[in-house]
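Listed in order, the protein sequences are those of chains L and Z. Heads up: the first sequence begins at 0 in numbering that gives the first Met the number 0, then just goes up one per residue. Heads up: the second sequence begins at 0 in numbering that gives the first Met the number 0, then just goes up one per residue. Just so you know, even glycine gets a beta-carbon here, dropped at the ideal spot from N, CA and C. Predicted model only: the values in this text are computed from it and were never measured.
Protein chains: 2
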Amino acid sequence: MGNRLELPYALLKSKDYAALRLALAEENEVDIAGFMDELPREQAMRVFRLLHKEQAAEVFAELDGDVQEHIISAMGDEEIHEIIAELYVDDLVDMLEELPANMVRKVLKNTKPETRSLVNEFLQYPENSAGSIMTAEFIDLRKSMTVSDSIGKIRRDGAESEQIYTCYVIDDSRILEGVITVRELLLAPDDSRIDDLMEKKLITAKTTEDRELVAQRMMKYDLLALPIVDLEGRLVGIVTVDDVMDVLQEEATEDFERMAAMSPSEHPYLKASVFELAKNRFPWLLILMVSGMITGGILGRYEAAFAAVPLLVSFIPMLTDTGGNAGSQSSTLVIRGMTVGEIESSDLFRVLWKEVRVSALVGAALSLVNFGRLMLTYPDSTAISITVSLALFFTVILAKTVGGLLPILAKSLKIDPAIMAAPLITTVVDAISLVLYFSLAQRLLNL
Amino acid sequence: MGNRLELPYALLKSKDYAALRLALAEENEVDIAGFMDELPREQAMRVFRLLHKEQAAEVFAELDGDVQEHIISAMGDEEIHEIIAELYVDDLVDMLEELPANMVRKVLKNTKPETRSLVNEFLQYPENSAGSIMTAEFIDLRKSMTVSDSIGKIRRDGAESEQIYTCYVIDDSRILEGVITVRELLLAPDDSRIDDLMEKKLITAKTTEDRELVAQRMMKYDLLALPIVDLEGRLVGIVTVDDVMDVLQEEATEDFERMAAMSPSEHPYLKASVFELAKNRFPWLLILMVSGMITGGILGRYEAAFAAVPLLVSFIPMLTDTGGNAGSQSSTLVIRGMTVGEIESSDLFRVLWKEVRVSALVGAALSLVNFGRLMLTYPDSTAISITVSLALFFTVILAKTVGGLLPILAKSLKIDPAIMAAPLITTVVDAISLVLYFSLAQRLLNL
């Protein structure tokens, strides 16, 4: 990651721990965690013990799961208790999700009872749900409070909260009634009532909603935090913008992986084991290899044609490559458009109409170039040049139409549209374009 | 986008403008802008004139460029002045970048002189630089101030600032000395001095740095705003988290487009013209078509081989498809790893070693499946089965090695690694795998 801290690294090497302690105090917690992640575990533990108490919890929250695990296993109950007490519930939950069962017990034993029950509740939310990324520490106000009451409450309770800039107004049964930002509080006169200031048009999400939708909603409305409510409208937590940025990044990475025919990886590339990487890649390659065999079978049916005119074979790569590329251009745009919420299933005909026109334009231009080039190379084979160019034209139109429509159809069938990306489109288009090519050849060349 | 507002839409249709005005006041500004973007321009203008003054500027900032242009062209100087005065400088700059020159003059004429010179300065920053996405309105403090001085200043000046939660401590020459959050201010005693509270380990960016690096830095350190400094370390603006989320989303979309062999689009898919889409797609398809022709030329050299054993041709799609897919899996992971900052050029050998092992594993498994299937289908052609399976094994290894290395090499040569994605990898791998296949065939089958 290139964030190895030069000075601490040198001091660690020379075992000058007193100086190392001072140097670490000057560094950002995120950088210290990055530095520790790269160290052998023994040394990471040594560095961790040198941190000031206030830094330790922050650094701990940023560490990789396996380093956290090592530290927990090496620490005594007292030490664990101190670290855990400083962690926010969402960071604690993230860690527990990755720890082996015996470590989880060790951690929960050293967690305050209130936190423990909250953690257990959070661990129930389905993976990738809003509930799974929310945090429990936020400021709640009542609508009868004044601005100065509210600022007073923030100043008293704020240290406990991960995010204090958006405050949530709830009633006695914790039903969310309004939202008010610290900005609005600071800009209002001290004696105004919250009821008169708060925003009542609420933008919320349910605990079970997909975290990607939560991220999209926060982006759309430029929010720093989104309140998460249960089915009765009670406020149960908030999702903060820093977590949402991570979600956006992770979801984009997963889409890249799916669109290149892989199962999404649990670990970043350099940390993933060879076996994990192979396991993520093999099944899709196998499926696509079998599809390639089917295409090969189609080709086998035209043996007579390319035995008669062997030149026909040499245009196969150009045709299938262009078809595959043309199709994956369209499918990529449509899949991405659906991910960012621009294209919906109901846009099927708009997409179809657009792709037909774009592909006619692009197909015609490519065919013309191709025809010109063939007439220069093979001036005596006009019929072959016409066959190849026509096949190319129709292949591009077909490829783009199929590429534009399949992701939308997949979504309508509740299948992840990302699987309709380049590899699958290529296979489908390959088969169609070869049938098209040899049918045209048989007819135009009288084979 | 599915955000058509039901009630306002019905009221607009029935021309009940008095009721429409009331209904709009209840809606979120982002939703109103989305609603107006979908309307015919005349009607969008009518809706705009019904908005309360406070809503109008917020809605205006969220509108599509072409709708903004229409509104500007329809408004008088007085009206323009009122809207512009309410806009933040970064939104104003975004708009001016898209307006035609005569509109830009009309807008600048109605802008306060101070803002005008700031806007002119901002328009100078290169596209996609930190300077181009920063905002000029922020709270600056001095280190001699106390907490209560500071809170007082925020309460006085905050209304002008897009972001008040992070305050910047500067000296008399505007050199950035420290950063302090409103959270820290609120949690500290009233008489503490800023000097003692502020964070002095500064995380900043230069005006000319790439906006994607700015986004990565803010994500890494979980910041709500990042101070942007000039070469002398003077604070010139800040980048806020909402703009950075848009940057992340846009950059991911551009990467998807580049990786599917397209030029990035200026407009979202449904808004882009047929001609624009065709223009973005054609050049790459042409380049790849020409590469396909070269591969075809290679195939032509082996005419004798597949004239003797026509069955060989039918394995071409399976081999080239699998090679292309295997290669693009690797290149996608490496390109994405470089985008999110996990993989750097110096990791070349780690990537190479990983890909060699993964590809040996995956290649062996695929070849075994393939060999078994061929022996079942063609029990009398052991030599052909061995040839095809061996070619497949080496193709996978080659494809994954090439796919993993080319993006890193591209980056070392300052070429965007995203162009080394699926389409180009496929073309490269196609050519190599065909040469490999037919060389093996010639040797093993004595052709």
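Buried or exposed (CB count within 10 angstroms, at least 16 for buried), residue i
i	result
L/L423	buried
L/F305	buried
Z/Y436	buried
Z/P99	exposed
Z/R200	The sequence given here places Lys at residue 200 of chain Z; Arg does not occur at that position. Z/K200 comes out exposed.
L/E126	exposed
Z/A187	buried
L/Y377	exposed
Z/F348	exposed
L/D489	What the structure shows of chain L is the stretch from 0 to 446, and residue 489 of chain L is not part of that stretch, so it cannot be assessed.
L/W352	exposed
L/P112	exposed
L/G130	buried
Z/I174	exposed
Sequence-distant residues of its chain with Cβ nearer than 8 Å to residue i (five each side left out)
i	result
Z/I342	V333, G336, V350 and I407
L/K152	I138, L140 and M144
Z/G64	M94, E97 and L98
Z/E68	E97, L98, P99 and M102
Residues that residue i contacts on chain Z, provided the C-beta gap is smaller than 8 Å
i	result
L/P309	E302, F305 and A306
L/K219	V29
L/M317	M288, G291, M292, T294 and G295
Nearest to residue i (by Cα), restricted to the options the options
i	options	result
Z/V273	L/H69, L/A100, L/A22 and L/A359	L/A359
Z/V427	Z/L373, Z/A382 and Z/T319	Z/T319
L/V434	L/A417, L/V387, L/T381 and L/I418	L/V387
L/G323	L/Y220, L/I431 and L/L234	L/I431
Z/P316	Z/A55, Z/G295, Z/A303 and Z/Q328	Z/G295
L/S149	Z/Q328, Z/L185 and Z/I174	Z/L185
L/A325	L/L311, L/L397 and L/D229	L/L397
Z/V308	Z/L269, Z/V289 and Z/Q441	Z/Q441
Z/I132	Z/M292, Z/I227 and Z/L444	Z/I227
Z/L367	Z/A55, Z/A390, Z/P267 and Z/E81	Z/A390
L/P413	L/S290, L/M374 and L/S344	A small fix is needed here, since residue 413 of chain L is Lys in this sequence, not Pro. Residue L/S344 is the option with its Cα nearest to L/K413.
Residue i: contacting residues in chain L (beta-carbon distance under 8 Å)
i	result
Z/L185	I150, I153, R154, G157, I163 and V181
Z/E256	T331, L332 and R335
Z/Y124	Neighbours of Z/Y124 on chain L: none; closest Cβ ~22 Å, over 8 Å.
Element boundaries [alpha helix (DSSP H), containing residue i]
i	result
Z/E134	The question names Glu, yet the displayed sequence has Thr at residue 134 of chain Z. Z/T134 -> no alpha helix (DSSP H), and no H or E assigned at all.
L/E198	Taken as a continuous stretch (DSSP letters only), L/E198 belongs to no alpha helix (DSSP H), as it is neither H nor E.
Z/P282	V273 to G299
Z/I71	G64 to A73
L/H80	D76 to E85
L/D320	I315 to T338
Z/T425	A421 to L443
L/R141	That residue, L/R141, is in no alpha helix (DSSP H); it is neither H nor E in DSSP.
L/P406	T381 to S411
L/T376	L347 to T376
Z/M44	R40 to L49
L/L6	E5 to K12
Under 7 Å by beta carbon: chain L residues contacting residue i
i	result
Z/A364	F281
Z/Q54	Those do not exist, as Z/Q54 stays about 12 Å from chain L at its closest Cβ, beyond 7 Å.
Z/A251	A251
Same chain, Cβ closer than 7 Å to residue i, neighbours up to 5 away in sequence not counted
i	result
L/E198	G177, V178 and I179
Z/E161	Y87, T134, E136 and T239
Z/L4	E26, D30 and F34
L/L62	A32, M35 and D36
Z/S191	T145 and V146
N- and C-terminal bounds of the beta strand (DSSP E) containing residue i
i	result
L/E176	L175 to T180
L/P112	Note, L/P112: premise wrong, no beta strand (DSSP E); alpha helix (DSSP H) at P112 to L122.
Z/T165	T165 to I169
Z/G236	L234 to T239
L/P226	A224 to V228
Residues near residue i by beta carbon distance below 6 Å, same chain, minus five either side
i	result
L/F370	S384 and S388
L/F121	V92
Residue i: contacting residues in chain Z (beta-carbon distance under 9 Å)
i	result
L/L269	G336, E341, I342, D346, R349, V350 and K353
L/D36	In chain order: nothing, as chain Z lies at least about 12 Å away.
Chain-ordered chain Z contacts of residue i [CB-CB under 7 Å]
i	result
L/T426	D320
L/P422	N324
Review point. Relative to chain C, which residues along the region 343-358 of chain L have a C-beta separation below 7 Å, given in chain order?
Key: Reference to chain C is not applicable here, since the protein chains of this structure are L and Z.
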